[in-house]
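One structure is given here, and the rest of the page talks about it.
Protein chains in written order, with my numbering: chain A, 28 to 406; chain B, 4 to 283.
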């Protein structure tokens, strides 16, 4: 994180208004105070100065951010803005919310603070997302209504969908239709599930069967390429891969970044710092340190033996595992540490979805070649 | 002016301790210490730009160089490629400030280092020396990766420049590509002695004399070179230090590159005809 842009995942609260069966976070009532926020942000800005980083993006996640009040968010934005201005730094904000508590009172926050966009989450079919009481169907109905209201208020809604066994059984066509045609979403991303956090019955089905998941991803890619791409529909991670193979500007999802430990860091409301939200709320042994207690973020990161293990992971995989022989090493770098750890119990193992990724890379490379050829024909 | 016999065509590879002597010459500044190189890059008073900074120890923390002046290229020289392989990830932040090349000596484990370096978007230069048949096989695998690997986006030398030269049908020299042309590159030792560059740096011969004498010598003495279709750009590059080195393996590499260049030329011609509405 020198010279580029700092990505900070900020969890202002660990409180959540949902009770999803497969959540990897251990919830609590902890929430960040504005005084603590000032301290944290001050140290983040000092770190940016030290590393000559001109700008940062704060990714607000939870818990559930909308369990805080819109007014608190606006005050937090002002606090950060004033500190950043004094430090001569630029800070942008991104939001991930389940939208359950969304109402018109959030519109000012969404438009002014988050650039009229938010990320949210829904699966198809929804098996695990629930409110504190009620069924997955109740949750889905509520989410559909809230997402529609937000879109009608001019907010761009991007969706993260976590695939499950039923997703694979129902197939890519129904999955695609649900999001694009039924929910009216133009930008969604498919994530692979992992058994993070406290064990539950739901997590026993993770990781998903690789053959089924490969078939699903390939079918989804075919549907999207034929029906969605020219209409401006974005489907991650397929769109990122297409851009990559077409040599267009692209940003890879975090699971395929060269070394996520160099790309971003996460802070929870207690000041705990960890690699990302997947680690900070459920794996205290994997905390890098506490930013409210430590003198500086730079020192905290530099002296953390846990962060060193993360930093060393892709290099160790290249040296000790089969990754060096893989034609896709430059795209994947061994994949996601939390997926590896939660499945294998070992940070220094390959992502359990390795075979799925390889098949997907190959499929999208072929699609990119066909697409480029079609474009040449048209030109 | 310092002690360099200034020739603006020549790039001098100098230890950082000799920077003042070469303030008016194009130089590659070399050191095992990233801090020293950082200070060189930050230094004022140079008439000519640095060609690049050469970090001679891949085990060192290159952190200081992540803050070098923007655009200054860095050449990271690997020693024991097997032991240093995993460390390449540590050096990726260097690319944020400017181009980075990894120089890999062809030896045990070098192919893995090249694979990883290309995966990390580093340019690569392979120091081939006189490759054994086993190394030629490895080089051919690396060449295949360079030519066809979907994730390889940066040059791998000498493949890249030879392919480019063959494609453009321009005159080019392997000696220059490998930065060992005695007329263009010099090595300056710690004690200030100037010599030939790269693997020739321990030669006592004057650069101009060497470059006049050596190609003639291999042509006269080695029938293989006089009949070789690649002599125009190779000029006996692989016939040193062992003049009897058999070039069959190296020729396989050149033949693969020539084939790729022909294919590329055909594709470009077809594309050009298409653009002009001609039948393809």
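Glycine is no exception: its CB is placed at the ideal position from the N, C-alpha and C atoms.
Looking only at its chain, what residues have a beta carbon closer than 6 angstroms to the beta carbon of residue i, apart from the 5 residues adjacent to it on each side?
i	result
residue 83(B)	none
residue 112(B)	84, 85
residue 390(A)	245, 248
residue 76(B)	55, 101, 102
residue 112(A)	none
residue 117(B)	107, 127, 145
residue 57(A)	41, 296, 297
Consider the Cβ of residue i: report whether some Cβ of chain A lies at a distance smaller than 7 angstroms.
i	result
residue 41(B)	no
residue 88(B)	yes
residue 275(B)	no
residue 63(B)	no
residue 280(B)	no
residue 170(B)	no
residue 267(B)	no
residue 272(B)	no
residue 99(B)	yes
residue 153(B)	yes
residue 95(B)	yes
residue 25(B)	no
residue 92(B)	yes
residue 4(B)	Note that residue 4(B) scores a pLDDT of 39, beneath 50, so its modelled location is shaky; the value from the coordinates is reported in the next line. No, no contact with chain A.
Spell out whether any CB of chain B is found under 7 angstroms from the CB atom of residue i.
i	result
residue 117(A)	no
residue 397(A)	no
residue 261(A)	no
residue 89(A)	no
residue 268(A)	no
residue 275(A)	no
residue 193(A)	no
residue 285(A)	yes
residue 404(A)	no
residue 31(A)	yes
residue 410(A)	Past the edges of chain A, shown from 28 to 406, lies residue 410(A), and the structure says nothing about it.
residue 407(A)	Nothing about residue 407(A) can be read from this structure; chain A reaches only from 28 to 406.
Ignore the nearest five residues each way along the sequence and tell me which others in residue i's own chain have a CB closer than 8 angstroms to its CB.
i	result
residue 139(A)	101, 104
residue 148(A)	123, 125, 156, 186, 187, 188, 189
residue 69(A)	110
residue 151(A)	188, 194, 197, 201, 202, 205, 206
residue 403(A)	none
residue 323(A)	70, 73, 74, 77
What does residue i pair with, by DSSP beta-bridge criteria?
i	result
residue 86(A)	36(A), 121(A)
residue 215(A)	186(A), 262(A)
residue 79(B)	58(B), 105(B)
residue 2(B)	Lying before the first or after the last residue shown, residue 2(B) is absent from chain B, which here runs from 4 to 283.
residue 45(A)	158(A)
residue 189(B)	15(B)
residue 434(A)	Because chain A spans 28 through 406 in this model, residue 434(A) falls outside it and cannot be assessed.
residue 128(B)	106(B), 160(B)
residue 299(A)	317(A)
Output needed for residue i: all residues of its chain with C-beta closer than 7 angstroms, excluding positions within five of it in sequence on either side, in chain order.
i	result
residue 136(A)	97, 100, 101
residue 392(A)	272
residue 61(A)	102, 103, 106
residue 5(B)	Annotation note: pLDDT 44 at residue 5(B) (below 50); position unreliable, no value reported.
residue 64(B)	37
residue 245(B)	133
Report the neighbours of residue i on chain C: residues whose CB is nearer than 8 angstroms to its CB, in chain order.
i	result
residue 272(A)	The structure shown contains no chain C; its protein chains are A and B.
For the ligand NAP, is there a heavy atom less than 6 angstroms away from the beta-carbon of residue i?
i	result
residue 326(A)	Although the ligand NAP was asked about, the structure shown includes no ligands whatsoever.
Got a sec: which bits of the stretch 220–251 of chain A sit with their beta carbon under 7 angstroms from any beta carbon on chain B, in order along the chain? none
Against chain B: residues of the stretch 324–344 of chain A by CB proximity under 8 angstroms: 338, 339, 341, 342, 343
With 8 angstroms as the C-beta to C-beta threshold (strictly closer), list the residues of the stretch 111–129 of chain B near chain A in chain order. 115, 118, 119, 121, 122, 123, 124
I'd like to know if the stretch 214–231 of chain A and the stretch 29–38 of chain A are in contact, where contact means that at least 3 CB-CB pairs between them fall below 8 angstroms. no
May I ask you to list, following chain order, the residues of the stretch 43–77 of chain B that have a beta carbon less than 7 angstroms from some beta carbon of chain A? 69, 70
Closer than 7 angstroms, Cβ to any Cβ of chain B: which residues of the stretch 345–377 of chain A, in chain order? 345, 346, 351, 354, 355, 356, 357, 358
Below 8 angstroms, how does it come out for the stretch 267–282 of chain A and the stretch 357–367 of chain A: are there three or more Cβ pairs, yes or no? yes
Going along the chain, which residues of the stretch 63–94 of chain A sit with their C-beta nearer than 8 angstroms to a C-beta in chain B? 79
Assess, as a yes-or-no matter, whether the stretch 329–343 of chain A is touched by the stretch 305–316 of chain A under the definition of 3 or more beta carbon pairs within less than 8 angstroms. yes
Taking Cβ-Cβ distances below 7 angstroms as the criterion, which residues of the stretch 287–319 of chain A are in contact with chain B? 289
Should the stretch 87–107 of chain B be called in touch with the stretch 339–359 of chain A, which here means at least 3 C-beta pairs below 8 angstroms? yes
Between the stretch 370–388 of chain A and the stretch 118–127 of chain B, can you find at least three pairs of beta-carbon atoms closer than 8 angstroms? no
Is there contact here, the stretch 175–190 of chain B with the stretch 148–165 of chain B, by at least three beta-carbon pairs under 8 angstroms? yes
Does the structure place the stretch 10–29 of chain B close enough to the stretch 182–200 of chain B that three or more beta carbon pairs sit under 8 angstroms? yes
To be precise: take each residue of the stretch 133–167 of chain A, compare its Cβ to all Cβ atoms of chain B, and keep it if any distance is under 8 angstroms. Which residues remain? none
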